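Chains as they are written, first to last, in this note's numbering: chain A, 203 to 763; chain B, 5 to 164.
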Amino acid sequence: MEMTGAQIVMKSLKDEGVDVIFGYPGGAVIDFYDELTRTDIKHILVRHEQGAVHAADGFARVTGDVGVCMVTSGPGATNAVTGIATAYMDSIPMVIITGQVPTSLIGNDAFQEVDIVGITRPCTKHNYLVKDVKKLAYIIKEAFHIARTGRPGPVLIDIPKDITNSRTEYEQPGEVSLRSYNPNYKPNMKQISKIASLIKNAKKPLIFSGGGIILSDCSKELTELARKTNIPVTSSLMGLGGFPGTDDLWLGMLGMHGTYCANMAISECDLMLALGVRFDDRVTGKVDAFAKNATIVHVDIDPTSIHKNVPVQVPIVGDCKITLSVLNELLDQEKPEIIKPERKEWLGQVSEWKTGTPLAYSQSDVIKPQYVVEKLYELTKGEAIITTEVGQNQMWAAQFYKFATPNQWVTSGGLGTMGFGFPAAIGAQMAFPDKIVVDVAGDGSIQMNIQEMATAVQYGLPVKIVILNNRFLGMVRQWQELFYKRNYSSTNMEHAPDFVKLAEAYGAAGFRATKPSEVEEVLKKGLATPGPVIMDFVVEREECVYPMVPAGAPITNMLLV
Amino acid sequence: MNEEKHILSILVDNEPGVLSRIAGLFSGRGYNIESLSVAETNDPKVSRVTMVTTGVAQIIEQIKKQLHKLVNVITVHDLTGKAYVHRELVLVKVYTRPETRGEILRIADVFRAKIVDVGNEHYTVEVTGSEDKISAILKIFQPMGIKEIVRTGPVALFRE
Numbered sequence: 203m204e205m206t207g208a209q210i211v212m213k214s215l216k217d218e219g220v221d222v223i224f225g226y227p228g229g230a231v232i233d234f235y236d237e238l239t240r241t242d243i244k245h246i247l248v249r250h251e252q253g254a255v256h257a258a259d260g261f262a263r264v265t266g267d268v269g270v271c272m273v274t275s276g277p278g279a280t281n282a283v284t285g286i287a288t289a290y291m292d293s294i295p296m297v298i299i300t301g302q303v304p305t306s307l308i309g310n311d312a313f314q315e316v317d318i319v320g321i322t323r324p325c326t327k328h329n330y331l332v333k334d335v336k337k338l339a340y341i342i343k344e345a346f347h348i349a350r351t352g353r354p355g356p357v358l359i360d361i362p363k364d365i366t367n368s369r370t371e372y373e374q375p376g377e378v379s380l381r382s383y384n385p386n387y388k389p390n391m392k393q394i395s396k397i398a399s400l401i402k403n404a405k406k407p408l409i410f411s412g413g414g415i416i417l418s419d420c421s422k423e424l425t426e427l428a429r430k431t432n433i434p435v436t437s438s439l440m441g442l443g444g445f446p447g448t449d450d451l452w453l454g455m456l457g458m459h460g461t462y463c464a465n466m467a468i469s470e471c472d473l474m475l476a477l478g479v480r481f482d483d484r485v486t487g488k489v490d491a492f493a494k495n496a497t498i499v500h501v502d503i504d505p506t507s508i509h510k511n512v513p514v515q516v517p518i519v520g521d522c523k524i525t526l527s528v529l530n531e532l533l534d535q536e537k538p539e540i541i542k543p544e545r546k547e548w549l550g551q552v553s554e555w556k557t558g559t560p561l562a563y564s565q566s567d568v569i570k571p572q573y574v575v576e577k578l579y580e581l582t583k584g585e586a587i588i589t590t591e592v593g594q595n596q597m598w599a600a601q602f603y604k605f606a607t608p609n610q611w612v613t614s615g616g617l618g619t620m621g622f623g624f625p626a627a628i629g630a631q632m633a634f635p636d637k638i639v640v641d642v643a644g645d646g647s648i649q650m651n652i653q654e655m656a657t658a659v660q661y662g663l664p665v666k667i668v669i670l671n672n673r674f675l676g677m678v679r680q681w682q683e684l685f686y687k688r689n690y691s692s693t694n695m696e697h698a699p700d701f702v703k704l705a706e707a708y709g710a711a712g713f714r715a716t717k718p719s720e721v722e723e724v725l726k727k728g729l730a731t732p733g734p735v736i737m738d739f740v741v742e743r744e745e746c747v748y749p750m751v752p753a754g755a756p757i758t759n760m761l762l763v
Numbered sequence: 005m006n007e008e009k010h011i012l013s014i015l016v017d018n019e020p021g022v023l024s025r026i027a028g029l030f031s032g033r034g035y036n037i038e039s040l041s042v043a044e045t046n047d048p049k050v051s052r053v054t055m056v057t058t059g060v061a062q063i064i065e066q067i068k069k070q071l072h073k074l075v076n077v078i079t080v081h082d083l084t085g086k087a088y089v090h091r092e093l094v095l096v097k098v099y100t101r102p103e104t105r106g107e108i109l110r111i112a113d114v115f116r117a118k119i120v121d122v123g124n125e126h127y128t129v130e131v132t133g134s135e136d137k138i139s140a141i142l143k144i145f146q147p148m149g150i151k152e153i154v155r156t157g158p159v160a161l162f163r164e
């Protein structure tokens, strides 16, 4: 059957199970948009291409499926780059379709031409410029395969306009076979036996879990391992929700704004099971001082993550889910008292750190941002999908909302992209229309993609935005306070819109709390109001996120409240 | 840790943009490329990249893993420390004067080099061999005056 390039794209997307895409039309993709109306694929028209990519990203993070977005050539494509880099840093499966000028004009500085394949080479898992319509169907299939397998990531397909509207005899592509790309899922069995024996002999073991636990969908296996062996668990920012934040063995997040308990435990442990983590500098602090007493086991699907930042004694390249399943089976063959000794001294010490120096803040007659997050946790019963912007708001959300399940926490970890949370919440809400989706934001970062309010209103997506409004770029201000003698250079954001009126201007609802006594009422009202809502909490201006480890210092050098 | 020179033999898909992916990986991650030579193999769908790079052991390990992670890279072999043959090709234009022409021919003969072009004021000499051999002949030509040179960088294969 003869089809146009645009028809092939739509058919291929359907074949991959795509039923929603996020995008913004333009001249180079007009044929796709024309064809889109003859499919049952739902298209979400955003207000800025960055929003489209973050929305697809949010959709992917909560569903585990590939997120898809479509933008036009030139400025459409370059506007998407921040979103693509965000997804790349956090290993999110995504396919981005960009329009390109006709093949005959490529390289001629044509109107709205940009070499997006060249621009996105360092921030995509792979990318394509389609030069032959006959190859289009296979390329799309290959792109989805690459995006969702191995260490997931964004894959970009750049399609020139003449390829879009030229015709070819359509052939269903066969199975993807790439001799140059074969991710290794199966871990080395001998290495897993080694972990089992290390666990049996460890006096002070610790699990450090990362985003890989979420991506490989093995929260259940991780929880089983920890409970079976009585090993406490900490995680990176990306790993939150991989282990229940309500469990007794949970120590809280690790790193620059990690808990006292987690940072102390990682420095003292004699065995670290690092699962699906990449030892980011925000986690390790000064590398030489990081877990210097520990034998480190590192499981990761991506061989480049192993030995990159931290020397590892037991490297395992493979899928976390398979590794943990095999390990759990191996441990089941042992006597329970061997794998689950009392470890009184270690667990006692951990518990002392945990209860002795908990996450804390001091109440006053001004709203504390931590209090807002705590109340939000309480009122949503810990069941909301929480997205965040980046900065203090992100850290307070990470610290004070206890994530019980995976795919409930959506945040830009690797790139730290301000403006991420709101469009990501739109994507998450599209995936789960009946769940409560809340974007915890700062007054600075919400202004980076506030235009997506129109998207939320247009599609009736009831995303709730909680603005922790301190009229500062809070995290930078905190650094300026602590390390630059309070020289608040360009972090003052006093000149801001009235967020309640702004919400109303977009056709949404807005509420404001200025006193602690109003917090609960505003949250209740905001959560109960149908449609998108902005809740503006005027919080303590100079509140800091604690604990804090100064950049490059050992992670035990924590500034506490 | 000491920096070491490594010679990598990399098979890649013969597709546009692959070299750019490799070069971009090196520049983006701050690795060093000393030389690079690329051409199609006996299989027209595959090209071989021979690359010389320098780094401490941990960086070399990362370079190999990062290269292998590129979707278009089929295999990465580090030839260093293994049995392999390698050659580099150099074309060198040496200034000539009537009294040095004979000397240049003799030197070329000793190094099994070839005179591939003769001009009024120069010979173009083709030399193949190891890096040492090429350095040696260039050193000898230096006092006579070298007008231009072009080097391919090494190409290498395992010995079997």
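For every residue, glycine included, the Cβ atom is placed at its ideal position computed from N, Cα and C. Predicted model only: the values in this text are computed from it and were never measured.
Handout entry: Option in L725(A), V747(A), T607(A) with minimal Cα separation from F739(A)
Key = Measuring from the Cα of F739(A), the nearest candidate turns out to be L725(A).
Exercise for the section: Specify whether the segment 643-652 of chain A and the segment 620-629 of chain A touch according to this definition: at least 3 beta carbon pairs, one from each stretch, less than 8 Å apart. Expected result: Short answer: they touch.
Handout entry: Same chain only: Cβ atoms within 7 Å of F234(A), ignoring 5 sequence neighbours per side
Key = Within the same chain, F234(A) has close Cβ partners A208, V211, M272, T366.
Practice task
State the start and end residues of the unbroken beta strand (DSSP E) segment that holds Q302(A).
Solution key: Taken as a continuous stretch (DSSP letters only), the beta strand (DSSP E) holding Q302(A) covers 296-302.
Handout entry: Contiguous beta strand (DSSP E) assignments of at least 3 residues, all confined to the segment 392-454 of chain A
Key = Every beta strand (DSSP E) stretch that sits fully inside the segment 392-454 of chain A and reaches 3 residues is listed by chain position as 407-411, 435-437.
Handout entry: Interface flag, V129(B) vs chain A, CB-CB below 8 Å
Key = False, the Cβ-Cβ gap to chain A never drops below 8 Å.
Handout entry: Assigned secondary structure, N671(A) (DSSP; H/G/I helix, E/B strand, else coil)
Key = In the structure shown, N671(A) adopts extended strand secondary structure according to DSSP, grouped into three states.
Problem - chain A contact for S134(B) (CB, 8 Å cutoff) - result: S134(B) does not count as touching chain A.
Exercise for the section: Determine the extent of the alpha helix (DSSP H) in which P356(A) is found, giving its start and end residues. Expected result: Element bounds for P356(A): not the alpha helix (DSSP H) but the beta strand (DSSP E), 356-362.
Practice task
Check the C-beta distance from T589(A) over to D641(A) and give it rounded, since I have them as a contact under 8 Å.
Solution key: Their Cβ separation, rounded to whole angstroms, is 5 Å, which keeps T589(A) and D641(A) in contact under 8 Å.
Handout entry: chain B contact residues for H144(A), given Cβ-Cβ distances below 8 Å
Key = Because chain A is modelled from 203 through 763, residue 144(A) falls outside the range shown and cannot be assessed.
Practice task
Determine which residues share a DSSP beta bridge with G487(A) and list them.
Solution key: Within the DSSP bridge table, the entry for G487(A) names P756(A) as partners.
Problem - Contacting residues, own chain, Cβ-Cβ under 8 Å from Q653(A) (five flanking each side not counted) - result: In its chain, beyond the 5 residues on either side, R249, H250, G253 have a beta carbon closer than 8 Å to the beta carbon of Q653(A).
Practice task
Kindly indicate if chain A contains any beta-carbon less than 8 Å away from that of N6(B).
Solution key: Not an interface residue.
Practice task
Note the first and the last residue of the continuous beta strand (DSSP E) segment covering A43(B).
Solution key: Judged by DSSP secondary structure, A43(B) falls within the beta strand (DSSP E) whose first and last residues are 37-44.
Exercise for the section: Establish whether the CB of R52(B) and some CB of chain A are separated by less than 8 Å. Expected result: Using beta-carbon distances, R52(B) does not count as an interface residue toward chain A, since no partner is under 8 Å.
Handout entry: G285(A) versus T241(A), E315(A), P356(A), V332(A), residue with shortest Cα-Cα distance
Key = Checked all of T241(A), E315(A), P356(A), V332(A); the closest Cα to G285(A) is P356(A).
Handout entry: Assigned secondary structure, H250(A) (DSSP; H/G/I helix, E/B strand, else coil)
Key = In the three-state scheme derived from DSSP, where H, G and I count as helix and E and B as strand, H250(A) is classed as coil.
Exercise for the section: Measuring alpha carbon to alpha carbon, tell me which of A257(A), I246(A), E742(A), G352(A) ends up nearest K73(B). Expected result: Minimum Cα distance to K73(B) is reached at G352(A).
Exercise for the section: Report buried or exposed for E152(B), applying the criterion of at least 16 other Cβ atoms within 10 angstroms of its Cβ. Expected result: Taking all protein chains shown into account, E152(B) has fewer than 16 neighbouring C-beta atoms within 10 Å of its C-beta and is therefore exposed.
Handout entry: Given 8 Å, three or more beta-carbon pairs between the segment 688-703 of chain A and the segment 537-554 of chain A
Key = For the pair of segments examined, the segment 688-703 of chain A was found not to touch the segment 537-554 of chain A: the number of CB pairs separated by less than 8 Å stays below three.
Practice task
Go through the segment 308-352 of chain A residue by residue and report every complete run of the alpha helix (DSSP H) that reaches 4 residues or more, in order.
Solution key: Those alpha helix (DSSP H) runs which fall completely within the segment 308-352 of chain A and span 4+ residues are 318-322, 338-350.
Practice task
For chain A, find out if any of its Cβ atoms is closer than 8 Å to the Cβ of D17(B); answer yes or no.
Solution key: At least one beta carbon of chain A lies nearer than 8 Å to the beta carbon of D17(B).
Handout entry: Buried/exposed call for L40(B), threshold 16 Cβ in 10 Å
Key = So L40(B) counts as buried.
Exercise for the section: Determine the chain B residues that contact H328(A) at a beta-carbon separation under 7 Å, and present them in chain order. Expected result: Taking a Cβ-Cβ threshold of 7 Å, the residues of chain B close to H328(A) are V75, in chain order.
Exercise for the section: Keeping to the same chain, check which residues put their C-beta closer than 6 Å to that of S469(A); ignore five residues upstream and five downstream. Expected result: Within the same chain, Cβ atoms closer than 6 Å to the Cβ of S469(A) are found at T758, the five residues on either side in sequence being excluded.
Exercise for the section: Give every residue of the same chain whose Cβ lies closer than 6 Å to the Cβ of F713(A), excluding the five residues on either side of it in the sequence, and list them in chain order. Expected result: Here F713(A) has V724, K727, G728, M737 as same chain residues with Cβ atoms under 6 Å from its own Cβ, once five neighbours each way along the sequence are excluded.
Exercise for the section: Just mark R679(A) as buried or exposed, buried being the case when its beta carbon has 16 or more other beta carbons within 10 Å. Expected result: Under a 10 Å Cβ-count criterion, R679(A) is classified as buried, with 16 or more other Cβ atoms of the shown protein chains found around its own Cβ.
Problem - S24(B) at chain A interface by Cβ criterion, 8 Å - result: At a cut-off of 8 Å, the C-beta of S24(B) has a neighbouring C-beta in chain A.
Handout entry: Beta-carbon proximity list for M677(A), same chain, < 6 Å, skipping 5 on both sides
Key = Within the same chain, M677(A) has close Cβ partners G593, Q594.
Exercise for the section: Note the first and the last residue of the continuous beta strand (DSSP E) segment covering S51(B). Expected result: For S51(B), the enclosing beta strand (DSSP E) has its first and last residue at 50-59.
Practice task
Give a yes or no on whether 8 Å exceeds the smallest Cβ distance from R381(A) to chain B.
Solution key: Chain B, which has a Cβ nearer than 8 Å to the Cβ of R381(A), makes this yes.
Exercise for the section: Just the C-alpha distance for S13(B) and K118(B), rounded to the nearest angstrom, thanks. Expected result: One C-alpha to the other measures close to 28 Å.
Handout entry: Cα-Cα separation, E103(B) to L95(B)
Key = For E103(B) and L95(B), the distance between alpha carbons rounds to 22 Å.
Handout entry: Run of the alpha helix (DSSP H) containing T280(A), from where it starts to where it stops
Key = Bounds of the alpha helix (DSSP H) holding T280(A) are 277-281.
Practice task
State the start and end residues of the unbroken alpha helix (DSSP H) segment that holds E706(A).
Solution key: Per DSSP, E706(A) is one residue of the alpha helix (DSSP H) stretching across 701-707.
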